[in-house]
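Here is the structure we will look at.
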Amino acid sequence: MISYIRGELVALEEDKAIVDVGGVGYGIFMSGQAMGQLPPVGSKVKIHTYLNVKEDAMQLYGFLNRDALSVFKLLIGVSGIGPKGGLGILAQLTPDELRFAVMSKDIKAISAAPGIGKKTAEKLIVELKDKLKIEDVLDHQVEAANGAAEDTVNAQGLQADAVQALTALGYGSTEALQAVRKVEMDESTTVEDLLKGALKYLI
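Here it is in structure tokens:
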């Protein structure tokens, strides 16, 4: 198993990044969203990878962090979802957004991914509901914005309250989460501030 590739990013193609490692160019399939976050061509990169072996090909799928790779492995463990389908879902939803969609049974958000129908989305929710932790949903963004543990807990609570209020207004739980996460937070941010900011992205 190739856990990761570290080398020089030499090219970006439509659906993959080419990384030179000791004179060997590795083609790594990635979502457009992930490729958009890569540094400029010519930079050094480290891409976490999954090696998919088929009868006629060996393909590398790449991710910017271990969390995305771990979620991808769970996705392709669901019957009916292959590597391309898993990559498509992670192009549509971040790992945190997928966790939230699964926990809130948001079939609409999951089936918006290319090639994922309603029945597959329902199966995904059933099979992954016990494997994806709801506690992880808000952690990453909040921890990056807040150094102290107390601040992190407070910010999580504010975001959760804002999402709950938006779903009560009729918005989908996942789109509500996506909008709330776009709003910048500081020490004086209130739930009302989050709601006003999120609604700008929803209306």
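Each residue of the sequence shown is one higher than the last, beginning at 1 in full-length UniProt numbering. Quick reminder that beta carbons are idealized off the backbone N, C-alpha and C, glycines included. Please read all numbers here as calculations on a predicted model, not as lab measurements.
Outcome for residue i when other beta-carbon atoms lying within 10 angstroms are tallied against a minimum of 16
{"i": "residue 53", "result": "exposed"}
{"i": "residue 90", "result": "buried"}
{"i": "residue 149", "result": "In this prediction, residue 149 has a pLDDT of 46, which is less than 50 and means its spatial position is unreliable; nothing more can be read from the coordinates."}
{"i": "residue 111", "result": "buried"}
{"i": "residue 3", "result": "exposed"}
{"i": "residue 37", "result": "exposed"}
{"i": "residue 212", "result": "No statement about residue 212 is possible, as the shown extent of the chain runs from 1 to 203 and does not include it."}
For residue i, the three-state DSSP class (helix, strand or coil)
{"i": "residue 163", "result": "helix"}
{"i": "residue 144", "result": "At residue 144, the pLDDT of 48 sits below 50, so the modelled position is not reliable; the number obtained from the coordinates is stated separately. Residue state, collapsed to three classes: helix."}
{"i": "residue 112", "result": "coil"}
{"i": "residue 194", "result": "helix"}
{"i": "residue 171", "result": "coil"}
{"i": "residue 203", "result": "coil"}
{"i": "residue 120", "result": "helix"}
{"i": "residue 155", "result": "helix"}
{"i": "residue 129", "result": "coil"}
{"i": "residue 180", "result": "helix"}
Closest residue to residue i among the options (Cα-Cα distance)
{"i": "residue 21", "options": "35, 34, 13, 5", "result": "5"}
{"i": "residue 203", "options": "185, 180, 100, 186", "result": "180"}
{"i": "residue 164", "options": "182, 43, 194", "result": "194"}
{"i": "residue 161", "options": "198, 132, 126", "result": "198"}
{"i": "residue 108", "options": "99, 118, 25, 86", "result": "118"}
Stretch pair the stretch 169-176 + the stretch 93-105: three plus CB contacts closer than 8 Å: yes
Runs of beta strand (DSSP E) wholly within the stretch 55-110 (minimum 3 residues, chain order): 58-63
Every unbroken beta strand (DSSP E) within the UniProt domain "DNA helicase Holliday junction RuvA type" (1-62), with a cutoff of 3 residues, ordered by chain: 4-12, 16-21, 24-29, 44-53
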